[in-house]
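See below for the structure under consideration.
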Amino acid sequence: MPIRVLITGGAGFIGSNFIRYALDVRPEWQIVNFDLLTYAGNLANLEGIPENDKYRFLKGDVSNLDDVKKVFESGFEYVINFAAESHVDRSLYDPGLFIKTNILGTQLLLAQARQAGVQRFLQISTDEVYGSLGKDGLFCEDWPLKPNSPYSASKASADLMCRAYFETFGLPVIITRSSNNYGPYQFPEKLIPFFITKALNDEPLPLYGDGLNVRDWLYVEDNCAGIMAALEKGKPGECYNIGGGNEMTNLEITKFILQDLGKSEELIKFVKDRPGHDRRYALDISKAKSELGWRPVMDFREGLKKTIRWYLANEKWWRDILSGDYRGFYDIHYRERR
Ligand code: NAD
Ligand code: TYD
Numbered sequence: 265m266p267i268r269v270l271i272t273g274g275a276g277f278i279g280s281n282f283i284r285y286a287l288d289v290r291p292e293w294q295i296v297n298f299d300l301l302t303y304a305g306n307l308a309n310l311e312g313i314p315e316n317d318k319y320r321f322l323k324g325d326v327s328n329l330d331d332v333k334k335v336f337e338s339g340f341e342y343v344i345n346f347a348a349e350s351h352v353d354r355s356l357y358d359p360g361l362f363i364k365t366n367i368l369g370t371q372l373l374l375a376q377a378r379q380a381g382v383q384r385f386l387q388i389s390t391d392e393v394y395g396s397l398g399k400d401g402l403f404c405e406d407w408p409l410k411p412n413s414p415y416s417a418s419k420a421s422a423d424l425m426c427r428a429y430f431e432t433f434g435l436p437v438i439i440t441r442s443s444n445n446y447g448p449y450q451f452p453e454k455l456i457p458f459f460i461t462k463a464l465n466d467e468p469l470p471l472y473g474d475g476l477n478v479r480d481w482l483y484v485e486d487n488c489a490g491i492m493a494a495l496e497k498g499k500p501g502e503c504y505n506i507g508g509g510n511e512m513t514n515l516e517i518t519k520f521i522l523q524d525l526g527k528s529e530e531l532i533k534f535v536k537d538r539p540g541h542d543r544r545y546a547l548d549i550s551k552a553k554s555e556l557g558w559r560p561v562m563d564f565r566e567g568l569k570k571t572i573r574w575y576l577a578n579e580k581w582w583r584d585i586l587s588g589d590y591r592g593f594y595d596i597h598y599r600e601r602r
């Protein structure tokens with residue numbers, strides 16, 4: 265029996281990796297990829313995937329009711345909501361857009377999914393909703409939500425709306441909260457691809473503050489497996505942390521990239537810190553392990569080397585992006601960090 269799946273934001277980094285993964289491991293799926301193709305959405309991320317009864321692309325906006333109603337004219341068993349404005353730095357300049365896409369967009373999808381009677385609604389969330397940790401401890405799923413940036417506040421709000429649709433309307437919503445992803449097709453504004461491409465261009469790598477902020481890195485394919493496990497084995501109304509168990513400082517990652525590419529550490533440029541910069545994220549993933557039977561498998565150093573090789577082999581992909589017209593915001597942002 266075919267399973268009809270609506271994937272929003274499937275032209276972005278994690279969504280496109282998930283579509284490739286799902287077409288491979290779930291041949292019975294019929295996927296509709298609904299994406300606005302913002303600066304971060306790129307059909308080149310899906311190159312080689314033919315449009316047929318297994319996969320179809322539809323351009324549209326999750327925060328536009330008419331667009332959302334239109335996509336729901338066909339029925340779906342599952343909805344997976346990746347669509348979002350996803351970059352913390354951008355949220356400092358235009359919080360309103362984050363509210364529109366991440367909160368209103370999620371609510372419109374929840375409402376249509378409810379009307380359509382979907383079997384599962386999976387919300388892709390983030391560990392950033394929990395706020396920031398000190399040196400010790402791990403976030404577990406019932407940690408209070410204490411987001412610190414407009415981005416994380418918008419994601420936390422969307423999570424709460426998901427909870428309300430489960431509690432009030434019985435919509436079978438499941439939430440995954442993953443740690444920082446890395447891997448192929450990540451837009452070169454996020455730390456790892458930004459620094460790989462900067463280093464390849466022999467340009468300075470702007471490291472915020474003292475460079476000692478810690479993130480818990482997760483290879484994107486491990487996240488795809490976690491999302492599939494949560495969708496198929498998760499319990500409606502529950503959240504699942506999906507983390508890599510790889511805590512690294514930004515400075516360690518930067519040095520690793522430079523060393524791997526044979527570039528000098530003199531390219532590191534310490535710049536003014538990001539306002540509200542969370543110090544540390546780290547996830548307790550025991551719930552996903554015990555209830556979903558999921559665990560990450562990629563070793564961090566191996567995954568990072570593999571990612572660096574991918575950017576070396578796909579230079580046209582990122583050079584096309586870097587020569588595009590999305591740069592205005594970065595010019596202001598990095599001028600302010602000098
Ligand atoms: P991304 O920025 O690479 O992709 C986002 C996609 O959403 C793009 O294709 C974009 O065109 C689309 N989109 C944006 N606004 C839209 C709208 N109004 N209507 C329809 N489509 C729209 O993001 P990503 O890194 O792939 O993140 C995907 C999801 O995972 C997001 O919800 C993000 O919050 C979450 N997440 C990301 C990370 C990470 O490390 N990248 C970690 C945890 C959670
Ligand atoms: P980022 O990839 O933006 O993800 P997030 O803020 O969602 O965790 O940033 C990862 C870390 O890298 C974060 O601590 C901020 C830092 N960073 C820099 O030091 N310089 C940069 O130019 C960027 C983009 C990030």
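Numbering (the numbering used here), first residue to last: 265 to 602.
Even glycine gets a Cβ: it sits at the ideal position worked out from N, Cα and C.
If you're wondering where the values come from, they're calculated on a predicted model, not measured in any experiment.
Neighbourhood of residue i by C-beta, 7 angstroms cutoff - its chain only, sequence neighbours within 5 removed
i    : result
D537 : Y472, G473
L372 : V326, S327, L329, V332
F604 : Nothing about residue 604 can be reported from this structure: the residues present for the chain run from 265 to 602 only.
V382 : F340, E341, Y342, V343
V335 : L270, V296, F298, L322, G324
P539 : L356
R599 : none
G279 : I271, G273, F346
A420 : V393, L409, P411
Y429 : L374, R378, L435, V437
DSSP bridge partner residues for residue i (one or two, in chain order)
i    : result
E511 : D480
C503 : I439
R268 : Q294
V343 : L270, F385
R544 : V478
K551 : Its beta-bridge partners do not exist; DSSP assigns none.
N445 : L482
Y472 : V535
Close-in-space but distant-in-sequence residues of the same chain around residue i (CB under 6 angstroms, 5 per side omitted)
i    : result
Y342 : V269, R384
S416 : E392, V393
E579 : none
A377 : V343, F385
H597 : D353
Nearest-angstrom beta carbon gap, residue j and residue i [assumed within contact, 8 angstroms]
i    : j    : result
I506 : A552 : 6 angstroms
R479 : Y545 : 6 angstroms
L476 : T513 : 5 angstroms
G339 : A380 : 6 angstroms
L568 : Y446 : 7 angstroms
G395 : P411 : 6 angstroms
Q387 : N345 : 5 angstroms
Y303 : Y590 : 4 angstroms
T365 : R441 : Between R441 and T365 the Cβ distance is about 18 angstroms, and since that is not below 8 angstroms, they are no contact.
Cut-off 8 angstroms between Cβ atoms - residues of its own chain near residue i, not counting five sequence neighbours on either side
i    : result
I460 : P452, I521, L525, T571, I572, Y575
V289 : M492
A463 : L469, I521, L522, L525, K527, L531
G557 : A493, K497
G305 : G273, A275, G276, D299
I267 : R290, E292, W293, Q294, E341, Y342
L307 : A275, L301, F321
T370 : V326, N345, Q387, A422, M425, C426
L495 : Y342, I344, R384, L386, I438
I283 : I271, G274, I295, N297, L310, I313, Y319
E315 : F321
Reference residue i, options the options, closest by Cα
i    : options                : result
L482 : D358, G401, G490       : G490
N309 : M492, E337, L586, W581 : W581
Q450 : N281, T272, K527       : N281
K497 : I439, P468, H541       : I439
T432 : F362, P500, A494       : P500
D548 : D486, L368, C404, G398 : C404
G509 : E516, L435, D486       : D486
K318 : H351, T365, G369, M265 : M265
I456 : G360, G369, E516, L368 : E516
M562 : I278, L586, F593, V484 : V484
E555 : R599, C503, F430, V535 : C503
D542 : D466, L397, N306, G274 : L397
P560 : R599, N444, Y594       : N444
L374 : E511, P436, Y594       : P436
L586 : F458, A420, P408       : F458
E529 : W407, K399, D466, E511 : D466
E399 : R583, F534, E566, E511 : Correcting the residue type first, residue 399 is Lys in the shown sequence and not Glu. With distances taken between Cα atoms, K399 lies closest to E511.
P613 : G434, C488, A428       : With the chain covering 265 to 602 only, the question about residue 613 has no answer from this structure.
S624 : D406, G360, L368, D358 : Limits of the chain in this structure are 265 at one end and 602 at the other, which puts residue 624 out of reach.
K454 : H351, E566, R583       : H351
Below-8 angstroms beta-carbon distance, residue i vs any chain C residue
i    : result
D423 : Any reference to chain C falls outside this structure, which holds one protein chain only.
**OP:** Let me know the alpha helix (DSSP H) ranges lying completely inside the stretch 369-430, each 4 residues or longer, listed in chain order.
**Re:** Within the stretch 369-430, the runs of alpha helix (DSSP H) that reach at least 4 residues and sit entirely inside it are, in chain order, 369-380.
Original post:
Where are the alpha helix (DSSP H) runs, 4 residues long or more, that stay fully inside the stretch 299-365, in chain order?
Top reply: Unbroken alpha helix (DSSP H) stretches of 4 residues or longer found wholly inside the stretch 299-365: 329-335, 352-355, 359-362, given in chain order.
**OP:** Any chance you could list the alpha helix (DSSP H) runs of at least 4 consecutive residues sitting entirely within the stretch 578-602, in chain order?
**Re:** If we require 4 residues or more, the alpha helix (DSSP H) runs fully inside the stretch 578-602 come out as 579-586, 592-601.
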